[in-house]
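Beneath this line is the structure, given in structure tokens, with notes to follow.
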Amino acid sequence: MDWSKAKTILIIAFIVTNILLGYVLLSSEKQVETTLKDSFVEDVIEILGRKEIIINTDIPREIPSLNTLTVEYEAIEPYEANRIFFNGEGKVENKEAGVIEIVFEEEYLTITNKKYLSYTNNNMKEMYPDLNEEKAIELALDFLEQRKYNVSDMKLSFIKRYENGYNLEFTKLYNDRYLEKSNTSVVIDSSGVKKMERMWLNPIEEGEKYIYINTAPKALLSLLSIEETHGKTIEEISLCYYFDPAEQDFIDNPNMAIRGKTIPAWRVLFEDGIKLIIDNY
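Sequence positions in the sequence shown follow my numbering and run -8 to 272.
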């Protein structure tokens, strides 16, 4: 064997390999998403600041994508709701097309299109004079569990004190990400649970297709055209699953939607509880 020739071939192969590796690395550098660079993020913070939009959290630096997810609305049957809330003793009335009201003493349930539930309690008797945040969370979870709601798949996504009590919002979790709009909100004061609203989504099947959306820094620029966000502080930015029939497959008649597919979106939560979903591509 001609070792000199073999050595020459190895050297040439080594040089070619280095050239190819250098090309790959150079190509990778060129493909770095511009909107994730420090300079772009700093510009976004400065530009939003002109509208007094303050970012009090980290801005995600990922190339955002999620697979599609088939979801369906939790079906609310009036008979079952009456049994769970009022031991079947509530008076059921059909108020209008798709709207049913159930009344028991000073408590009211309104069910809309079998997927949105609103509970109101007008009892003013003081039960918890020393109500604090920890107690409010405990009362909210107890209220839900006593009415057979599964609290293991939800997360307290917002809580804020108001003059007489607390507003709480729980959001559905799937794969450690929020599923919007799948929320249960609870209002609590010293008399206990005053109000509860719920519209819930249940995941059915994961899709194989992944959808990419704009990066968080780029998506945040859309806030410039939303006057309601000006002068507010952002407390949380996260990638979420998002389904809203009014904006997606059921634009003409969103009330008829029973199931559909989610898309990825950015969930932006402000300190006052205002929540925006940004799903631009």
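Ideal Cβ positions, reconstructed from N, Cα and C, are used throughout, including at glycine.
Would residue i and residue j be called neighbours here (beta carbons separated by less than 9 angstroms)?
| i | j | result |
| --- | --- | --- |
| M190 | V177 | no |
| S213 | R168 | no |
| K146 | L164 | yes |
| G81 | V94 | yes |
| W257 | I268 | yes |
| N113 | E98 | yes |
| E136 | F234 | no |
| I204 | E262 | no |
| L100 | I128 | no |
| M247 | S182 | no |
| F161 | S143 | no |
Three-state secondary structure (DSSP) at residue i?
| i | result |
| --- | --- |
| G222 | coil |
| Y169 | strand |
| D29 | helix |
| G40 | helix |
| P194 | strand |
| S229 | strand |
| I265 | coil |
| V142 | coil |
| I75 | helix |
| P208 | helix |
| Y64 | strand |
| M247 | helix |
| E53 | coil |
| Y157 | strand |
| E20 | Because E20 carries a pLDDT of 41, less than 50, the predicted location of this residue cannot be relied on, and the following value inherits that uncertainty. Correct three-state label for E20: helix. |
| F95 | strand |
| A237 | coil |
| Y119 | coil |
| S182 | coil |
| E256 | Per the sequence presented here, residue 256 reads as Ala, with Glu not at that position. Strand, per DSSP. |
| Y203 | strand |
Closer than 7 angstroms by C-beta to residue i: which residues in its own chain qualify, once you throw out the five before and the five after it? Chain order, please.
| i | result |
| --- | --- |
| E43 | H221, G222 |
| Y107 | M190 |
Leaving aside the five residues before and after residue i along the sequence, list all residues of the same chain whose C-beta is less than 6 angstroms from its C-beta, in chain order.
| i | result |
| --- | --- |
| A66 | K105 |
| Y201 | S56, N58 |
| E227 | T48, L260 |
| F77 | F95 |
| N155 | D180 |
| Y110 | L100, M187 |
So, at 8 angstroms on beta carbons, what are the nonlocal neighbours of residue i in its own chain, with the 5 sequence-adjacent residues on each side left out?
| i | result |
| --- | --- |
| E196 | L60, T61 |
| I54 | E24, L27, Y203, T206 |
I want to know whether the stretch 202 to 209 touches the stretch 35 to 52 - three or more CB-CB distances under 8 angstroms.
yes
Would you call the stretch 246 to 258 in contact with the stretch 50 to 64, where contact means no fewer than 3 C-beta pairs closer than 8 angstroms?
yes
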